[in-house]
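Here is the structure we will look at, set down as structure tokens.
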Ligand code: UN1
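In this note's numbering, the protein residues as written are 8 to 516.
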């Protein structure tokens with residue numbers, strides 16, 4: 008039985024489908040319908056932004072510790088519904104159940120961290136240069152926040168925005184990926200009921216990209232949106248960044264990645280292979296933190312490649328409810344784009360020399376569920392050895408189960424190659440040499456560095472974010488995200504009874 012979902016503005020379900028209807032199939036069994044989505048349009052978005060703006064005046068008056076305890080209750084309700092929510096995610100986007108459970112755990116962790124923020128939200132006292140004058144700083148909420156999220160992490164990544172935004176006194180209009188609408192709807196309900204959120208504090212808009220952009224533009228124009236958070240592609244991030252910039256706003260942008268993994272001669276190769284397998288092919292390569300290119304020292308290249316090849320051939324791909332490395336692609340649009348890319352890779356890499364450089368080593372890049380080729384959007388893992396720095400595969404995020412491999416001679420070259428793609432989200436190094444660890448950390452352009460661990464798999468309370476084509480330097484998670492959802496306000500309070508002028512009436516000894 009397919010679930011029917013629609014936008015919810017100020018606590019009311021939006022009637023009809025002004026933006027049309029989306030029939031969402033199970034990506035693992037495309038003949039089976041899982042969600043029927045009534046889409047809103049630009050007006051729905053603007054209406055939701057208006058509802059958020061109106062509700063913010065009362066929400067900011069709720070004492071922060073009370074908002075924090077609402078976050079705590081949301082966390083407990085999500086915990087009580089962990090299995091149910093994870094199953095909706097697995098069914099709707101084909102993420103293996105173990106990963107979906109991990110994703111839900113990430114929401115609980117985020118709530119656990121931020122419930123305490125309600126009792127902190129610290130400001131400062133600052134000494135004045137004049138007697139009987141007090142200086143203070145306060146964190147004020149931005150106002151109404153627009154949150155636009157991707158469908159590969161349909162519940163955890165949204166919570167990275169919703170939780171800190173709400174606890175700091177903002178209200179939200181949330182536009183999730185429409186192909187993950189049932190997951191989003193389920194999370195919305197847990198937030199509203201768990202936290203007892205008043206109408207309008209959290210609004211859900213289901214709409215396509217075009218209508219969302221138009222709605223966001225109109226809302227910014229009307230002064231209804233004070234901050235935008237966006238997780239998605241670099242291409243769309245640029246558009247949203249430009250739009251926000253023209254309204255003198257700085258959005259929180261979390262975009263794509265082409266995340267490298269350096270494998271040095273001292274590396275534990277089994278660990279490096281396990282890491283490459285998980286971050287390259289886990290979630291079918293559809294994480295912003297997925298591994299893009301392995302940069303391996305030439306002395307261990309052959310050995311690494313043989314083991315990586317064998318491991319990827321042995322991996323189980325299939326039904327996301329079973330014990331598999333990964334399931335289907337998220338959505339037909341991604342599958343089609345990936346297939347075009349794969350076609351290019353096959354043509355391009357066939358033209359390389361007979362020495363094996365540039366050949367597709369592993370996997371059988373054929374579409375099809377093992378045993379039932381027509382069942383869903385499944386792809387086998389592909390490893391391309393010998394990628395060169397001007398190859399598309401080296402330079403572009405693929406969002407699919409494909410990993411490039413290239414070699415280096417000296418360590419400086421490895422660091423240089425690890426930055427040459429222009430993204431800067433996540434980077435990993437496998438080494439037992441502390442000097443290499445330190446040199447890599449300092450030299451990488453990435454916002455997140457892993458040592459003897461994978462490029463993907465961030466923890467919920469460490470700063471998350473990227474540089475270059477991966478974002479605008481904003482950071483989510485932990486205390487660092489507070490700077491995204493609050494503005495500093497300063498106050499000076501003179502109780503001397505005189506008009507003391509800064510710089511002119513400075514006290515002297
Ligand atoms: C994303 O793909 O948008 O680091 C976020 C990870 C996850 C988050 C990925 N916890 O893999």
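Here a beta-carbon is modelled for each residue, glycine too, at the ideal position from N, C-alpha and C.
As the structure is a prediction and not an experimental result, all values here were calculated from the model.
How far does the beta strand (DSSP E) with residue 148 in it reach, from first residue to last? Start and end: 140-148.
What residue range does the alpha helix (DSSP H) around residue 117 cover? 104-122
Which whole-angstrom value describes the C-beta separation of residue 322 and residue 332, a residue pair presumed to lie in contact below a C-beta threshold of 8 angstroms? Rounded to whole angstroms, the Cβ separation of residue 322 and residue 332 is 4 angstroms, and the two are in contact under 8 angstroms.
Which stretch, first to last residue, makes up the beta strand (DSSP E) that contains residue 132? 131-133
Burial state of residue 442, where buried means 16 or more other Cβ atoms lie within 10 Å: exposed
With distances taken from CA atoms, which of 233, 243 and 208 is nearest residue 215? 243
Could you pull out every unbroken beta strand (DSSP E) segment of at least 3 residues lying fully inside the region 428-474, listed in chain order? 433-437 and 455-458
Using a Cβ-based criterion (distance less than 7 angstroms to any ligand heavy atom), does residue 295 qualify as near the ligand UN1? yes
What are the start and end residues of the alpha helix (DSSP H) that includes residue 212? Careful: residue 212 lies outside any alpha helix (DSSP H) and carries neither H nor E.
Looking only at C-alpha atoms, which of 42, 328 and 82 sits nearest to residue 11? 42
What span of residues does the beta strand (DSSP E) with residue 33 cover, start to end? 28-33
Where does residue 73 land, buried or exposed, given buried means 16+ other C-beta within 10 angstroms? exposed
Cβ-heavy atom distance between residue 135 and the ligand UN1 below 7 angstroms? no
Local Cβ density within 10 Å of residue 416, reported as buried at 16 or more and exposed below that: exposed
Segment contact, 8 angstroms Cβ cut-off, at least three pairs: the region 453-467 with the region 478-489: yes
Examine chain D for any beta-carbon lying closer than 8 angstroms to the beta-carbon of residue 326, and answer yes or no. This model lacks chain D altogether; it includes just one protein chain.
Shortest alpha-carbon distance to residue 474 belongs to which of 92, 433, 423 and 390? With distances taken between Cα atoms, residue 474 lies closest to 433.
Which residue from 269, 324 and 65 puts its Cα closest to that of residue 101? The residue with the shortest Cα to Cα distance from residue 101 is 324.
Spatial distance of residue 496 from residue 130 (CA atoms): 9 angstroms
Classify residue 319 as helix, strand or coil using the three-state DSSP reduction. DSSP, read as helix, strand or coil, puts residue 319 in helix.
Please work out which residues of its chain come closer than 8 angstroms, Cβ to Cβ, to residue 361, disregarding the five sequence neighbours upstream and downstream, and give them in chain order. Because the pLDDT at residue 361 is just 36, under 50, the model does not fix this residue reliably, and the value given afterwards should be weighed accordingly. Correct list: empty, nothing qualifies.
Residues bridged to residue 501 (per DSSP): For residue 501, which the question treats as bridged, DSSP gives the partners 140.
Between the CA atoms of residue 340 and residue 103 - distance to the nearest angstrom: Taking the straight line from one Cα to the other gives about 20 angstroms.
Contact check, residue 405 vs residue 348, beta carbons under 8 angstroms: yes
For the ligand UN1, is there a heavy atom less than 7 angstroms away from the beta-carbon of residue 244? no
So does the region 294-310 actually touch the region 72-91, counting three or more Cβ pairs closer than 8 angstroms? no
Whole angstroms is fine: what's the gap from residue 52's alpha carbon to residue 223's? 7 angstroms
Helix, strand or coil at residue 18 [DSSP, three-state]: coil
Could you give the distance in angstroms between the alpha-carbon of residue 506 and the alpha-carbon of residue 513? 12 angstroms
Pick from 23, 303, 292 and 318: whose alpha carbon is nearest that of residue 345? 292
If residue 410 sits next to residue 283, beta carbons under 8 angstroms apart, how far is it from one beta carbon to the other, in whole angstroms? About 7 angstroms separates the Cβ atoms of residue 410 and residue 283, confirming a contact at the 8 angstroms cut-off.
Is residue 464 near the ligand UN1, with its Cβ less than 7 angstroms from a heavy atom? Within 7 angstroms of the C-beta of residue 464 there is at least one heavy atom belonging to the ligand UN1.
CB of residue 98 to nearest heavy atom of the ligand UN1: below 7 angstroms? Every heavy atom of the ligand UN1 is 7 angstroms or more from the Cβ of residue 98, so no.
Compute every distance between the C-beta of residue 238 and the non-hydrogen atoms of the ligand UN1, then say whether any falls below 7 angstroms. yes
Report yes or no: do the region 170-182 and the region 27-40 share at least 3 C-beta pairs separated by less than 8 angstroms? no
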